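Q:
Numbering (this note's numbering), first residue to last: 117 to 335.
1) Please name the residue or residues paired with residue 177 in a DSSP beta bridge.
2) Would you list the residues sitting across from residue 259 in a DSSP beta bridge?
3) Which partner residues of residue 240 appear in the DSSP bridge assignment?
4) Note down the Cα distance separating residue 336 from residue 222, rounded to an integer number of angstroms.
5) Would you report the Cα separation of residue 315 and residue 137, rounded to the nearest angstrom?
6) Quick one: what's got a C-beta closer than 8 Å to residue 119's C-beta in the same chain, skipping five residues either side?
7) Do you know whose CA, among 160, 122 and 155, lies nearest residue 329's CA?
8) Among residues of its own chain, excluding the 5 on either side of residue 234, which ones have a beta-carbon nearer than 7 Å to its beta-carbon?
9) For residue 119, name the three-state secondary structure that DSSP assigns.
10) Between the beta-carbon of residue 259 and the beta-carbon of residue 267, is there less than 8 Å?
11) Considering only the alpha carbon of each residue, which of 312, 303 and 240 lies closest to residue 96?
12) Between residue 254 and residue 245, how many whole angstroms is the CB-CB distance? I'm expecting something under 8 Å.
13) Taking 8 Å as the limit between beta carbons, can you name the residues of its chain near residue 185, skipping five residues before and five after?
14) Thinking C-alpha only, which one of 247, 190, 207 and 243 is nearest residue 220?
15) Among the candidates 306, 307, 141 and 160, whose CA atom is the shortest distance from the CA of residue 250?
16) Confirm, please, whether the CB-CB distance from residue 174 to residue 248 is below 8 Å.
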């Protein structure tokens, strides 16, 4: 589905504005905010384990690059808990992300665009197992309380969410008891916008949770 030209321009302007806001944040403030965000995200993950009756979760999260909220803190805690931790690998010849399982911090190395990603020896998490994922931490430049999000324009997570939906639908038709994962964002100060400030298209997926430095917002 094509994006309406007016919304396309709005999104471009919003990306530039929100990136400038994030880049202007002092590193020490970002580090402290990330620590608080990680604390609330960890608490919510513990609640999710209890709700699902599981000892461990399957978590898919992005690897921090430049001024993004720090996911390494969350990654370390998840590995220490024994969770299955998946991170994305972007291939030059594909519009889709590979999901790779990492078992230790040394499984991560600089990849495309120098973004940290799983090393070559890590195993691909097959698409047919994607419905086992409990929580997806999605990168973004801005979020709103309605679950709206604006990313970087590559469309990787939109395509991931679409393929996830198709896999879950297929397994449900087969009679399997699976559901969509929860989608969440790590929201730094200044990244949370008023409701409907983010121009959303019908095909854009929305987030269920926002982890902020002040607590958890359920959208």
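By construction, the Cβ of each residue, glycine as well, lies at the ideal position given by its N, Cα and C atoms. Please read these numbers as outputs of a predicted model, since none were measured by experiment.
A: By the coordinates alone:
1) 253
2) Answer is 265 and 308, bridged to residue 259.
3) 216
4) Look at the range of the chain in this structure, 117 to 335, and you will see that residue 336 is not part of it.
5) 18 Å
6) Its pLDDT being 49, under 50, residue 119 is placed unreliably by the model, and the measurement read from it follows with that caveat. If we look at residue 119 and ignore the five residues flanking it on each side, its Cβ neighbours are 127 and 317.
7) Closest by alpha carbon: 155.
8) 203, 205, 216, 218, 223 and 224
9) Confidence at residue 119 is low in this model, with a pLDDT of 49, below 50, so the placement of that residue is unreliable and no value is reported for it.
10) no
11) An answer regarding residue 96 cannot be provided, because it is not within the stretch 117 to 335 covered by the chain.
12) Rounded, the Cβ-Cβ distance is 19 Å, inconsistent with contact.
13) 146, 149, 150, 153, 302, 303 and 304
14) 190
15) 160
16) yes
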